[in-house]
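Numbering (this note's numbering), first residue to last: 15 to 280.
Cβ coordinates follow ideal geometry from the N, Cα and C atoms, glycine included.
Report on one structure; see the data block that follows.
As structure tokens, then:
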């Protein structure tokens, strides 16, 4: 089949702007399993963001759960870029019409205090580079109809990113056990997702290690000041318009987000 990077990027952009998801890209514009071409689609869209004046503020890591990796038939994570336009304040209302098919998941966010330019990094390198960690909610989204995605579809679609919310209680790495910290995500006071740091590649630091090396090899290394969303600590949850969600992560504090109703968005 013919690979059409520009057409794939154009369809995803049109889906985001129109609010109407597009069909899956795999087997149509991109070959099944062609992750390299999918990243080229992602990069083309990222360049369009920079041209519009958006600023890169970090990166997100996806596919960090072993169970999710098995579902996709891949055995490594993926990543997407974060921009300033994607950031939402803790407890600030999100207009539901900014998104197509939103879901929420709780994560640990790393904020870097130093660059990570090397292709091979050690645990000590990572600990030295991390300034602090924060509780986070990632509002994931898909421009692919019905979330009918493969690894190719999600990579091309900026790792199915939407928006992100950071908490305001920074913690030093020495003050929290990332592997054992428990997470609960609540809606209307009821738990809708639970998990722990170990769900993220065994330890969120492992996810950061993978991303640092991957981005260094790509010639765009992580830099001081970058925010890194390290991956879900529990299952993602479909968003209900008008609903509020709060994630609490032991040792890190809490973070909240809520959404306008469909009527308000209209």
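Endpoints, alpha helix (DSSP H) assigned at residue i
| i | result |
| --- | --- |
| residue 28 | 19-32 |
| residue 250 | Element bounds for residue 250: n/a, residue is neither H nor E. |
Closest Cα partner of residue i within the set the options
| i | options | result |
| --- | --- | --- |
| residue 78 | 251, 272, 253 and 247 | 247 |
| residue 236 | 124, 211, 197 and 267 | 124 |
| residue 17 | 30, 46, 137 and 28 | 46 |
| residue 31 | 156, 225, 226 and 209 | 156 |
| residue 243 | 53, 146, 41 and 258 | 146 |
| residue 38 | 24, 28, 54 and 159 | 159 |
| residue 196 | 204, 249, 240 and 208 | 208 |
| residue 154 | 133, 137, 184 and 93 | 93 |
| residue 23 | 239, 229, 163 and 172 | 172 |
| residue 132 | 229, 257 and 267 | 229 |
| residue 71 | 28, 118, 126 and 29 | 126 |
| residue 144 | 43, 187 and 113 | 187 |
| residue 232 | 28, 57, 221 and 140 | 57 |
| residue 251 | 184, 267 and 198 | 198 |
| residue 128 | 222, 120, 140 and 203 | 140 |
| residue 204 | 245, 222, 262 and 107 | 262 |
| residue 249 | 117, 227 and 185 | 117 |
| residue 43 | 268, 35, 21 and 29 | 21 |
| residue 223 | 40, 136 and 112 | 136 |
| residue 166 | 33, 225, 49 and 28 | 49 |
| residue 210 | 182, 266 and 161 | 266 |
| residue 105 | 276, 270 and 275 | 270 |
| residue 268 | 122, 225, 162 and 134 | 122 |
| residue 134 | 238, 36 and 227 | 227 |
| residue 264 | 34, 148 and 19 | 148 |
| residue 120 | 161, 76, 84 and 69 | 76 |
Residue i: first and last residue of the uninterrupted beta strand (DSSP E) it sits in
| i | result |
| --- | --- |
| residue 259 | 258-263 |
| residue 270 | 267-273 |
For residue i: DSSP bridge partner residues
| i | result |
| --- | --- |
| residue 40 | 44 |
| residue 219 | Beta-bridge pairing links residue 219 to no other residue. |
| residue 208 | 198 |
| residue 122 | 149 |
| residue 107 | 272 |
| residue 242 | 73 and 124 |
| residue 236 | 130 |
| residue 117 | 154 and 252 |
Legend entry - Any 3 or more C-beta pairs closer than 8 Å across the segment 175-193 and the segment 206-224: Contact between the segment 175-193 and the segment 206-224 is present, with at least three C-beta pairs closer than 8 Å.
Legend entry - Residue ranges of each alpha helix (DSSP H) within the segment 126-203, 4 or longer: 137-143 and 165-170
Legend entry - Entirely enclosed beta strand (DSSP E) segments - the segment 57-101, minimum 3 residues: 70-76 and 92-97
Legend entry - contact_flag[the segment 90-105, the segment 55-68] where n(CB pairs < 8 Å) is 3 or more: By the C-beta criterion, the segment 90-105 is judged to be in contact with the segment 55-68, since at least 3 inter-stretch pairs fall below 8 Å.
Inset, instruction - State whether the segment 99-109 contacts the segment 170-188, with contact taken as three or more CB pairs (one from each stretch) at a distance under 8 Å. - result: yes
Legend entry - Given 8 Å, three or more beta-carbon pairs between the segment 51-60 and the segment 164-171: Inter-segment contact for the segment 51-60 and the segment 164-171 is present: three or more beta-carbon pairs are separated by less than 8 Å.
Inset, instruction - Please determine if the segment 84-91 and the segment 251-259 are in contact, where contact requires at least 3 C-beta pairs separated by less than 8 Å. - result: no
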